[in-house]
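To keep things clear, I will list the structure first and then write my remarks on it.
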Amino acid sequence: MWRKKSRPRMLPEPKKKTPAAVEVIPSSSDLPPPPWIDLPTDVTADILHRLGAVEMLHTAEKVCATWRSVCQDPIMWRVIDMKDSGSCYDTRRLGSACRRAVDRSEGDLMDINIEYFGTDELLHYICVRSSKLKRLRLSCCKNLSGKGLSEAAKSFPQLEELQILFMNQIVVEDIEAIGVACMKLRSFTLIKHDAISGVGNGNDYSVAISKAMPNLVHLRLGFFGSTITSRGYQAILDGCPLIESLVRIYIQY
């Protein structure tokens, strides 16, 4: 018996998949340079200076070749601000960073600020490499002795400004030695907690300053726990004839 052949069943064609959009990420060579690359060198230098020495050494110089070049210029290290206001850097790392900064100045360091981490060894390292230093600020450096400071002062014949803040280990004899060593000193600041140290009083320091620092023009004094009487002020006026400003800083707790 003849049977009618059935037509083959046609399967529907599979739907073509629409290719997904692919994001093309340009290579680094195709990206435009960051905006700070084209800044004038002096503007870049000013920006980096505002960061401070620690950030320049540990962060800024790693950003790009331009910043690295600016950070390695000895001119950038004529002024070194080594602050330690509760930063994540320990004193050992700060001391090491300070030495690196001094080395980069190549002997032309003019101004340095050290807070908390200063030691006799660090100051000696600075003094043998920085005979041109004109300004020195030391704050809360409990591991820096009076002898260490007075010895280092002998290597700073060009020093014109000195600030000693909250370092009770610095006594009257140290102030006298510093004054004798730094005859070009024009500005001096001394703030102490004599009630804590129990050493000296305001008049003793005033007399020492009047004898050892005759060329002072600006003087700022602050003592917690002791006072300066008219005798101390008169000694300063008699011994420092060039004085233009005498400021007494009152410390309250």
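Residue numbers (our numbering): -15 to 237. Here a beta-carbon is modelled for each residue, glycine too, at the ideal position from N, C-alpha and C.
- Separation of E144 and R119 (C-alpha to C-alpha, rounded to the nearest whole angstrom) is 6 Å.
- Counting the other CB atoms within 10 Å of its CB gives I148 a total of 16 or more, which places it among the buried residues.
- Shown here for A37: same chain residues with a beta carbon closer than 7 Å to its own, the five before and five after excluded, namely I64, D65, M66, A81 and A85 in chain order.
- The criterion of a C-beta distance shorter than 8 Å is not satisfied by H108 and F150.
- Under a 10 Å Cβ-count criterion, D158 is classified as buried, with 16 or more other Cβ atoms of the shown protein chains found around its own Cβ.
- In the structure shown, Q142 falls within a coil segment according to DSSP collapsed to helix, strand and coil.
- In this structure, DSSP gives E99 an extended state, which the three-state scheme calls strand.
- Secondary structure at D65: strand, using DSSP grouped into helix, strand and coil.
- In the same chain as C55, and ignoring 5 residues on each side of it, the C-beta atoms closer than 7 Å to its own belong to L32, M40, A44 and E45, in chain order.
- A distance of 8 Å or more separates the beta carbons of L106 and G130.
- With respect to the C-alpha of R170, the residue from R113, N187, R204 and S139 having the closest C-alpha is R204.
- According to the DSSP assignment, V38 belongs to the alpha helix (DSSP H) that extends over A37 to H42.
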